[in-house]
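Engineer: The structure follows.
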Amino acid sequence: MNLDLLDASIKTHEGKRNTPYVDSKGNLTIGYGHNLKEGLDDPSIDFIYVQDRNFAITTAQGESWWNAVSGFDARARAMVEMVFNMGVSGVRTFRNATSLLCAGDFNGAADAFLDSEWAREVGDRATVLAGMIRTDADPSSTTSTT
């Protein structure tokens with residue numbers, strides 16, 4: 073079977089949608105007619121995750137606070153995870169915390185992140201990420217790299 077011709081025909085007839093839509097049968101669909109009710113297999117989920125993770129890294133690297141955390145592994149990872157979790161626009165709402173990051177006040181930044189609706193919503197995740205910002209250490213580690 074000529075897969076190139078099959079792909080061309082399916083793509084022409086289905087059309088590509090980058091955002092979810094409801095098809096003529098009422099199914100939530102995305103891409104070239106992928107029925108989301110069918111779910112995704114593990115390789116597809118992993119592929120999407122890597123794309124989203126890389127986008128979060130690239131986005132974080134463009135932010136004013138990036139230079140303050142980029143030399144610290146755990147702090148940088150914590151901030152990338154925050155971008156992954158709430159998007160860069162969500163992180164930008166933390167004006168005080170990101171200003172404190174830029175000033176190198178990691179304790180103050182961690183406290184500011186924890187004193188937020190986001191922290192109340194995500195619970196332990198916020199505690200772990202704030203701890204990483206505060207100490208530049210992974211939660212399982214007892215020593216700081218600074």
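Quick note: the sequence shown uses this note's numbering, first residue 73, plus one each step.
Just so it is clear, CB atoms sit at the ideal spot from N, CA and C, and this is done for glycine as well.
Quick caveat, the model's predicted, so the values are computed rather than measured.
#1: So what's residue 103 in DSSP terms, helix, strand or just coil?
#2: Would residue 198 and residue 190 qualify as a contact pair, given that the criterion is a beta-carbon distance under 8 Å?
#3: Pull up the distance between the alpha-carbon of residue 177 and that of residue 127, whole angstroms please.
#4: Quick one: give me the first and last residue of the alpha helix (DSSP H) that residue 168 is part of.
#5: Taking residue 122 as the reference, give the member of 98, 169, 152, 84 with the closest Cα.
#6: Contact check, residue 204 vs residue 147 under 8 Å by CB: the rounded distance?
#7: Please identify the residue among 134, 173, 88 whose C-alpha is closest to the C-alpha of residue 160.
#8: Taking the continuous alpha helix (DSSP H) assigned at residue 115, which residues delimit it?
#9: Report buried or exposed for residue 119, applying the criterion of at least 16 other Cβ atoms within 10 angstroms of its Cβ.
#10: Judging by CA-CA distance, which residue of 187, 188, 173 is the nearest neighbour of residue 181?
#11: Within its chain, find whatever has a CB closer than 7 Å to the CB of residue 138; leave out the 5 residues flanking it on each side and keep chain order.
#12: Give the DSSP bridge partners of residue 89, in chain order.
Structural biologist: To lay it out plainly:
#1: Working through the sequence shown from its first residue, we reach residue 103 at position 31. In this structure, residue 103 counts as strand in the three-state DSSP scheme.
#2: Taking the first residue of the sequence shown as 1, we reach residue 198 at position 126. Taking the first residue of the sequence shown as 1, we reach residue 190 at position 118. For residue 198 and residue 190, yes; Cβs fall inside 8 Å.
#3: Indexing the sequence shown from 1 puts residue 177 at position 105. Indexing the sequence shown from 1 puts residue 127 at position 55. C-alpha separation (whole angstroms): 27 Å.
#4: Position 96 of the sequence shown, counted from the first residue, corresponds to residue 168. Where residue 168 is concerned, the enclosing alpha helix (DSSP H) stretches over 167-174.
#5: Position 50 of the sequence shown, counted from the first residue, corresponds to residue 122. Comparing Cα positions, the closest option is 152.
#6: For the purposes of this step, residue 204 is taken as residue 132 along the sequence shown, with counting starting at 1. For the purposes of this step, residue 147 is taken as residue 75 along the sequence shown, with counting starting at 1. Between residue 147 and residue 204 the Cβ distance is about 6 Å, and since that is below 8 Å, they are a contact.
#7: As a working note, residue 160 is residue 88 in the sequence shown. The candidate whose alpha carbon is nearest that of residue 160 is 134.
#8: Within the sequence shown, residue 115 is the residue found at index 43, counting from 1. Taken as a continuous stretch (DSSP letters only), the alpha helix (DSSP H) holding residue 115 covers 114-133.
#9: One-based indexing of the sequence shown puts residue 119 at position 47. Counting Cβ neighbours within 10 Å, residue 119 comes out exposed, since fewer than 16 surround it.
#10: By 1-based counting over the sequence shown, the position of residue 181 is 109. Selected option, being the one with the closest Cα: 173.
#11: Taking the first residue of the sequence shown as position 1, residue 138 is located at position 66. 132.
#12: Within the sequence shown, the letter at position 17 stands for residue 89. Answer is 103.
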